[in-house]
Amino acid sequence: MEPLKIAVLHIRDTREHNPGFQLELDELNANTAAQIRAEGHEPELVATRQLSLEQVQQAVDRSDAVIIMGGEDVDPELYNGPEDYPGSGAHEPQADRNQIAAIRYAMATDTPLLGICRGMQLLNVALGGTLVQHLHNTQGHRGEGRDPFALTRAGFVADELAEDLSARDVHRCSHHQSIHSLGAGLQIAAMSNDEVIEAVVHHSAKATAVQWHPEHSQTAGSQLGPLIRRLARQHARPTAGEAGILRRHLVVA
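Counting in my numbering, the sequence shown runs from 244 upward without gaps.
In structure tokens form, the structure reads like this:
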């Protein structure tokens with residue numbers, strides 16, 4: 244298999260208003276790039292807040308696959324949510340719009356796509372879905388104190404995706420929002436024991452997304468590696484979709 248060029252779309256290279264958060268995200272971005280190289284592919288980190296829409300589209304054009312990374316909450320204006328909600332912080336509207344355009348462009352051009360944490364939420368919003376703005380059980384999905392990650396296991400994983408989604412592993416999550424109503428074409432691929440959607444796939448496009456952080460330094464090889472290999476397999480085959488793959492499983496209204 245030929246090496247792929249994989250665009251890693253994140254938000255910013257600097258956060259003067261929140262340098263600690265920047266360091267956390269820098270590490271996750273670096274882990275992602277390192278794992279892409281370990282799988283024999285070439286990463287390109289793309290700071291979407293710092294580029295024009297045209298430049299972000301060009302990054303997708305020159306790539307064989309795209310990964311949408313984590314970061315701030317999605318701008319609630321994009322899914323008609325109230326701006327005042329528990330846990331609300333800074334938003335990045337320009338990055339959101341650039342990344343939503345990139346998601347739609349990747350899907351339209353048959354480019355394999357992986358969303359991570361906020362990337363999953365943004366994929367859902369790009370397809371017309373909505374978000375739970377603040378989980379009632381946030382402590383089960385976001386760490387407190389110095390470690391921002393909470394440990395969780397999926398209570399349900401679609402059998403067909405168990406290997407790609409590391410179904411038997413403990414996952415590291417760090418989020419207080421989640422998918423509410425599913426975007427068009429998305430189907431649940433994994434769900435936590437407390438009924439938070441943990442992964443989705445698109446029924447026909449080459450799009451996969453997970454709510455946890457497979458790129459964490461302790462799990463990148465075992466959890467992000469399989470997802471990168473999934474992108475490579477999707478790139479290598481014509482669009483067949485995954486229509487019907489989860490028909491016997493859960494559906495969210």
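Note that CB positions come from ideal geometry on N, CA and C, so glycine has one too.
Contact check for T462 against R411 fails: the beta carbons are separated by 8 Å or more. Of the residues T395, H419, M434 and R389, the one whose Cα lies closest to the Cα of L404 is M434.
Secondary-structure assignment with DSSP links C416 through a beta bridge to A393.
With 16 or more other Cβ atoms from the protein chains shown falling within 10 Å of its own Cβ, A369 counts as buried. According to the DSSP assignment, A479 belongs to the alpha helix (DSSP H) that extends over G468 to A479. Between Q376 and I422, the gap from beta carbon to beta carbon reaches 8 Å or more. At a Cβ-Cβ threshold of 8 Å, V317 and A250 do not count as neighbours. I249 sits in a strand when the DSSP states are folded into three classes.
Residues of the same chain with a CB within less than 7 Å of the CB of E320, apart from the 5 flanking positions on each side, do not exist.
Relative to the Cα of G426, the nearest Cα in the group A448, E406, D437 and L294 belongs to A448. Taking a C-beta distance under 8 Å as the contact criterion, L474 and L366 do not qualify as a contact pair.
Taking 8 Å as the cut-off, the beta carbon of Q342 is found no closer than this to the beta carbon of L266.
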